[in-house]
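Asker: After the structure tokens below, expect a handful of questions from me.
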Amino acid sequence: MSGETQDLTITEPSTADGSELWRIARDSRALDLNSSYAYLLWCRDFAATSLVAKENGRVVGFVIGFIRPSEPDTAVVWQIAVDAAQRGRGVAARLLDELLTRLGARGIGNLETTITPDNTASVALFSALARRWGAELRRDRLFATTHFPDEHAAEDLFRIGPFAGVAVPA
10 MSGETQDLTI TEPSTADGSE LWRIARDSRA LDLNSSYAYL LWCRDFAATS
60 LVAKENGRVV GFVIGFIRPS EPDTAVVWQI AVDAAQRGRG VAARLLDELL
110 TRLGARGIGN LETTITPDNT ASVALFSALA RRWGAELRRD RLFATTHFPD
160 EHAAEDLFRI GPFAGVAVPA
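So the sequence shown is numbered by our numbering: it starts at 10 and just counts up by one.
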């Protein structure tokens, strides 16, 4: 199953896409970079809760996530990133909308992600998602800097939903 918007195709990732996810994450300079192996595993084991955006067959953006084991009606977005040349075109919003559409069909009613307080682009992206879908957004501190063994910034939990009964944005 794939969704097309103009020249962009959105589909589930395959392991052939893993190296491009790693490249986009590395080049973002905002995400915590996982190992290249981790992105391959995401594309294999979590493809049903992840998506890639492709232009002319080339990965230009991705969202990777999973279903939270203790809350099977909650999807967690682990990372979302868009190639620098594609930013400002709404690719990230399209990826999230498509992910919610697909997961909603499977009974997922809530979405969670964590964002460092200084990541204004991600704060704006997920705040706009909640507004577009008419869903409540709650923001709480999940991990303080003291939780991390390194220089990692605090992470705030964004919980959006429930999505049950909300209309898919036009």
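Every residue, glycine too, gets a C-beta built ideally from N, C-alpha and C.
What does a CB cutoff of less than 8 Å around N119 pick up in its chain, not counting 5 residues either side in sequence?
Answerer: Here residue 119 corresponds to residue number 110 of the sequence shown, with the count starting at 1. E80, D82, T83, A84, R168, I169, G170, P171, F172.
Asker: Measure how close the beta-carbons of L138 and L105 come, nearest whole angstrom, since I'm counting them as under 8 Å.
Answerer: Walking along the sequence shown from the start, residue 138 turns up at place 129. Walking along the sequence shown from the start, residue 105 turns up at place 96. Indeed they touch by this definition, with Cβ atoms about 5 Å apart.
Asker: Quick check on Y46: buried or exposed, where buried means 16 or more other Cβ atoms within 10 Å of its Cβ?
Answerer: Against the sequence shown, residue 46 aligns to sequence position 37. Answer is exposed; the Cβ neighbour count stays below 16.
Asker: Return helix, strand or coil for G113, following the three-state DSSP convention.
Answerer: Residue mapping note: residue 113 aligns to position 104 of the sequence shown, counting from 1. Three-state DSSP puts G113 in a helix.
Asker: Pick helix, strand or coil for L49, following the three-state DSSP scheme.
Answerer: Counting from 1 along the sequence shown, the entry for residue 49 is found at position 40. Reduced to three states, the DSSP call for L49 is helix.
Asker: Between which two residues does the alpha helix (DSSP H) carrying F135 extend?
Answerer: Here residue 135 corresponds to residue number 126 of the sequence shown, with the count starting at 1. 129-142 is the span of the alpha helix (DSSP H), which, as asked, contains F135.
Asker: Does G27 pass the burial test, meaning 16 or more other C-beta atoms within 10 Å, or should it be called exposed?
Answerer: In the sequence shown, counting from the first residue as 1, residue 27 sits at position 18. It counts as buried.
Asker: Measuring alpha carbon to alpha carbon, tell me which residue in D159, P158, N128 is nearest D165.
Answerer: Mapped onto the sequence shown, residue 165 falls at position 156. Out of D159, P158, N128, N128 has the C-alpha closest to the C-alpha of D165.
Asker: Please go through the same chain and pick out, in chain order, the residues whose beta-carbon is closer than 7 Å to the beta-carbon of F152, but skip the five residues on each side of it.
Answerer: The residue given as residue 152 occupies position 143 in the sequence shown. A163, E164.
Asker: Does D41 come out as helix, strand or coil in the three-state DSSP assignment?
Answerer: As a working note, residue 41 is residue 32 in the sequence shown. D41: coil per DSSP, three-state reduction.
Asker: Should the segment 109-118 be regarded as contacting the segment 87-94, the criterion being three or more beta carbon pairs within less than 8 Å?
Answerer: No: fewer than three Cβ pairs fall under 8 Å.
Asker: Taking the alpha-carbon of V68 as reference, which of L134, A39, L30, S131 has the nearest alpha-carbon?
Answerer: For the purposes of this step, residue 68 is identified with residue 59 of the sequence shown, where counting begins at 1. The shortest C-alpha separation from V68 is found at L30.
Asker: Can the beta-carbon of E64 be found closer than 8 Å to that of L134?
Answerer: Residue numbering aside, residue 64 sits at position 55 when the sequence shown is read from its first letter. Residue numbering aside, residue 134 sits at position 125 when the sequence shown is read from its first letter. Contact flag unset, no.
Asker: Give the DSSP-derived three-state secondary structure of E64 in the structure shown.
Answerer: Along the sequence shown, read from residue 1 onward, the residue named residue 64 stands at position 55. Reduced to three states, the DSSP call for E64 is strand.
Asker: Would DSSP call R148 helix, strand or coil?
Answerer: The sequence position of residue 148 within the sequence shown is 139, counting from 1. Three-state DSSP puts R148 in a strand.
Asker: Can you look up G27 in the DSSP assignment and give me helix, strand or coil?
Answerer: Stepping through the sequence shown from its first residue, residue 27 is reached at position 18. Three-state DSSP puts G27 in a helix.
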